[in-house]
Amino acid sequence: MAAIGQDISLVKQILQTGGNVAIPTETVYGLAGNALDAEAVLNIFKIKERPAFDPLIVHTNTVEKIHELVLNIPDKAYQLAEAFWPGPLTILLDKKSIIPDLATSGLDRVAIRIPNHPLTLALLAELPFPLAAPSANPFGYISPTTALHVNDQLGNKIPYILDGGPCTIGIESTIVGFEEGVPVIYRLGGMSSEQIQSIIGPVNVKSHSTSNPSAPGMLKSHYAPKKPIVIGNIDRLISRFKEENFAILSFNKTFREIPEGKQINLSVSGSLEEAARNLFSALRILDKMQVDLILTELLPDTGLGRAINDRLNRAAVK
Ligand code: TXA
Ligand code: MG
Numbered sequence: 012m013a014a015i016g017q018d019i020s021l022v023k024q025i026l027q028t029g030g031n032v033a034i035p036t037e038t039v040y041g042l043a044g045n046a047l048d049a050e051a052v053l054n055i056f057k058i059k060e061r062p063a064f065d066p067l068i069v070h071t072n073t074v075e076k077i078h079e080l081v082l083n084i085p086d087k088a089y090q091l092a093e094a095f096w097p098g099p100l101t102i103l104l105d106k107k108s109i110i111p112d113l114a115t116s117g118l119d120r121v122a123i124r125i126p127n128h129p130l131t132l133a134l135l136a137e138l139p140f141p142l143a144a145p146s147a148n149p150f151g152y153i154s155p156t157t158a159l160h161v162n163d164q165l166g167n168k169i170p171y172i173l174d175g176g177p178c179t180i181g182i183e184s185t186i187v188g189f190e191e192g193v194p195v196i197y198r199l200g201g202m203s204s205e206q207i208q209s210i211i212g213p214v215n216v217k218s219h220s221t222s223n224p225s226a227p228g229m230l231k232s233h234y235a236p237k238k239p240i241v242i243g244n245i246d247r248l249i250s251r252f253k254e255e256n257f258a259i260l261s262f263n264k265t266f267r268e269i270p271e272g273k274q275i276n277l278s279v280s281g282s283l284e285e286a287a288r289n290l291f292s293a294l295r296i297l298d299k300m301q302v303d304l305i306l307t308e309l310l311p312d313t314g315l316g317r318a319i320n321d322r323l324n325r326a327a328v329k
């Protein structure tokens, strides 16, 4: 198993010698390596068993450093950066050749993010290179929001997990790019589309396309527990599946007729932020429960509710 702790100088040493470690961010934990070292990047793909066509996000801590990695930062990208970085937003920018092709799966654009976590910002400030970091889970499974989640699945493949506590946002970053100057959201995430539009105006959302995805976060079956998930009106699902051994994941309701140990309520107060923070832990708990089936419902389709619904829909596809 990996060591878990807060030793930034040890983490720095591992990364500087080409190794890989898990790092906390406000969205989910990342599996990090030197983004400018093709070998360290290759090992990320191996550890995650991630297909080579699925590019990585590159993390750094200042816009000055980003200028060294990309050809230019369009005005609207710059406005988003000023408004929301550090934060749960990733921006696709035209890459310079210093970024290995492997990191972008051969694409011309590189995904860049300044994450908002004090430990990781402190680490990035000390490193002479940016960090490539996909979510620290095996490809296709639920993203980790605690150090223990990472340890559960990747603990035997990495030496160290930098423990930054539970992630405060709990859902992956929103990915934005530009097509002939028009902003496009490729993955709904921790920064709501309303917030993004408040800065740069109308944005296209393309995250539901499934054929030949240009962002494989767009893959339909993804973020998925091993158990089948059925989405609908929970009361009706309960009667439809009454012969089955199921558990319930609800937004803010409690079901009296169902044992407490077989239901998880994402936010008693009905907060979308709290629901996002709890979502992936809840899915992991449900996946380990002695049940055959998970019954759930969609949330209101606004703010973070849209990103949560996107993850539930993908988790439900088998
Ligand atoms: O919140 C997050 O974004 C977390 C933390 C660790 O920063 N990272 C994360 O990475 O979720 P990952 O690799 O699990 O998801 C990144 C998504 C993938 O779906 C990938 O296809 C897309 O970003 N992506 C990366 N580079 C891209 C590019 N150049 N063009 C299009 N999509 C890209
Ligand atoms: Mg991921």
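Those letters in the sequence shown? Residues 12 to 329, by my numbering.
Ideal Cβ placement from N, Cα and C applies to all residues, glycine included.
Ile169 is not a Cβ neighbour of Ala318, given a cutoff of 9 Å.
Val52 is the residue among Gln17, Val52 and Gly41 whose C-alpha sits nearest the C-alpha of Thr28. In the DSSP annotation of this structure, the continuous segment of the alpha helix (DSSP H) that includes Phe95 starts and ends at Asp86 to Phe95.
Residue selection by CB proximity (closer than 6 Å to any heavy atom of the ligand MG) returns Pro145, Ser146 and Ser154 in chain order.
Exposed is the label assigned to Pro62, since fewer than 16 other Cβ atoms lie within 10 Å of its Cβ.
Remark: the C-beta of Leu290 is outside contact range of the ligand TXA, defined as less than 8 Å to any heavy atom. Among the bridge pairs identified by DSSP, Asn148 is matched with none. For Leu53, the secondary structure class from DSSP, reduced to helix, strand or coil, is helix. For Ile68, the shortest C-beta to heavy atom distance toward the ligand TXA is below 8 Å. As computed with DSSP, Arg124 is found in a beta bridge with His70. Close CB contacts of Ala133 within its chain, under the 7 Å cut and outside five residues either way in sequence, are with Ile19 (chain order).
Judged by DSSP in its simplified three-state form, Val39 adopts coil rather than helix or strand. Note on geometry: alpha-carbon atoms of Ile186 and Thr101 lie some 5 Å from one another. In this structure, the C-beta of Val81 stays at least 8 Å away from each heavy atom of the ligand TXA. Cα atoms of Val69 and Val81: separation of roughly 11 Å, rounded to the nearest angstrom.
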